[in-house]
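Numbering (the numbering used here), first residue to last: 298 to 547.
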Ligand code: PGA
C-alpha cells in the first residue's frame with residue numbers, strides 16, 4: 298500500500314515569523330493524520346519551522362536544491378546545507394522553476410539525483426501547459442518528463458521518490474483537473490515508470506496531484522486509485538484549509 302503524502306508548497310510566502318505562526322496553528326490540527334504531512338517553506342524560514350515541528354508528525358522540505366556540492370552558484374542551495382537543517386524532502390522541477398528560472402529536464406534530473414544521493418527525497422514535478430493539453434500532447438509530455446527526471450536512478454531508487462503531477466493550467470488558477478483527468482494522467486506516469494523500471498517500481502512510487510487542490514475537491518481527487526496525495530500551493534498557507542486536505546487523505 299502506498300502511503301499518501303500531502304505536501305504544502307509555500308512558494309515565496311511567509312517570513313520566518315509568519316511561518317512559525319502557521320506551523321504553530323497546524324501542529325495540533327494534523328497530529329492525528331493518517332498520511333505523511335510535509336511543509337516546504339522558503340529557505341529563510343526552514344530553521345524557524347524546524348524548531349517548532351521537530352518531534353511532531355510533520356516533516357519539512359525545501360522548494361529547490363542544487364546538484365553541486367558547493368561553489369560558485371550564486372543564489373542556489375546545496376544538499377549538505379539542507380541536510381544540516383534536517384530537511385527530508387525537496388521539490389524539484391516545479392513548473393515555476395522551469396518557466397521563470399530556466400530549469401530543464403536535464404537540470405531537474407541533476408537536482409533530483411543530487412538530492413536522492415544525499416538522502417533527501419525529491420518531489421519531482423511534471424505537467425503540461427494548456428496548449429499542450431489542447432493539442433493532445435499531455436501523455437507524451439508527462440511520460441517524457443518523468444523518464445528524463447529519473448534518468449540514472451535504479452528501480453530500487455525509484456520506489457522511494459515522489460512525483461507530483463501538476464498540470465500548469467491548474468496551478469494557482471482555481472481550475473482543478475477533474476479527478477478523472479488527474480487519475481488518467483497519473484496512470485500514464487505510472488506506465489512510464491513501468492516501462493523504464495518495471496511494474497514493482499511503478500506500483501510503489503507515490504504520485505501526487507497538484508493544481509488548485511483545496512478542502513472542497515481534495516477528497517474526490519484522493520479517492521482515485523492512482524492519486525497518492527497532493528502538492529498544495531495556495532491552500533497550504535492557511536492552517537485550517539491545509540489540515541482539511543490532510544484529513545481528506547485518510
Ligand atoms: P496551487 O499550487 O495549489 O496554488 O495551485 C500548487 C503548486 O504549484 O504546487
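Even glycine gets a Cβ: it sits at the ideal position worked out from N, Cα and C.
Quick check: what's the CA-CA separation for residue i versus residue j?
i	j	result
residue 404	residue 540	33 Å
residue 453	residue 445	17 Å
residue 264	residue 477	Since the first residue of the chain shown is 298 and the last is 547, residue 264 is not available in this structure.
residue 333	residue 402	27 Å
residue 545	residue 309	26 Å
residue 512	residue 521	16 Å
residue 376	residue 370	13 Å
residue 415	residue 449	15 Å
residue 406	residue 538	32 Å
residue 411	residue 471	33 Å
residue 427	residue 463	12 Å
residue 425	residue 378	31 Å
residue 325	residue 435	39 Å
residue 473	residue 505	14 Å
residue 430	residue 461	17 Å
residue 408	residue 306	17 Å
Which of the three DSSP states, helix, strand or coil, is assigned to residue i?
i	result
residue 357	strand
residue 313	helix
residue 528	strand
residue 507	strand
residue 377	helix
residue 514	coil
residue 341	helix
residue 418	strand
residue 459	strand
residue 304	strand
residue 324	helix
residue 490	helix
residue 393	helix
residue 485	helix
residue 543	helix
residue 548	Because the chain in this structure spans residues 298 to 547, residue 548 falls outside the shown range and cannot be described.
residue 388	strand
residue 362	coil
So does residue i have its beta carbon nearer than 7 Å to some heavy atom of ligand 1?
i	result
residue 529	yes
residue 532	yes
residue 467	yes
residue 509	yes
residue 425	no
residue 517	no
residue 523	no
residue 310	no
residue 477	no
residue 381	no
residue 306	yes
residue 463	yes
Below 6 Å CB to CB, which residues in the same chain sit around residue i once its five sequence neighbours on both sides are set aside?
i	result
residue 343	382
residue 547	331
residue 437	none
residue 367	375
What distance in whole Å lies between the Cβ atoms of residue j and residue i, which are believed to be in contact at a cut-off of 8 Å?
i	j	result
residue 359	residue 317	No, residue 359 and residue 317 are not in contact; Cβ-Cβ is about 17 Å, not under 8 Å.
residue 384	residue 357	6 Å
residue 439	residue 447	The pair is not a contact, with the Cβ atoms about 12 Å apart (cut-off 8 Å).
residue 491	residue 499	4 Å
residue 361	residue 389	7 Å
residue 488	residue 523	Their Cβ separation, rounded to whole angstroms, is 10 Å, which puts residue 488 and residue 523 out of contact at 8 Å.
residue 442	residue 423	4 Å
Below 7 Å CB to CB, which residues in the same chain sit around residue i once its five sequence neighbours on both sides are set aside?
i	result
residue 515	527, 542, 545
residue 345	313, 316, 317
Could you check if residue i belongs to the surroundings of ligand 2, using beta carbon to heavy atom distance under 7 Å?
i	result
residue 391	With respect to ligand 2, the structure shown offers nothing to examine, as its ligands consist of ligand 1.
Tell me which residues share the same chain as residue i and place their Cβ nearer than 8 Å to its Cβ, disregarding the 5 neighbours each side in the sequence.
i	result
residue 495	452
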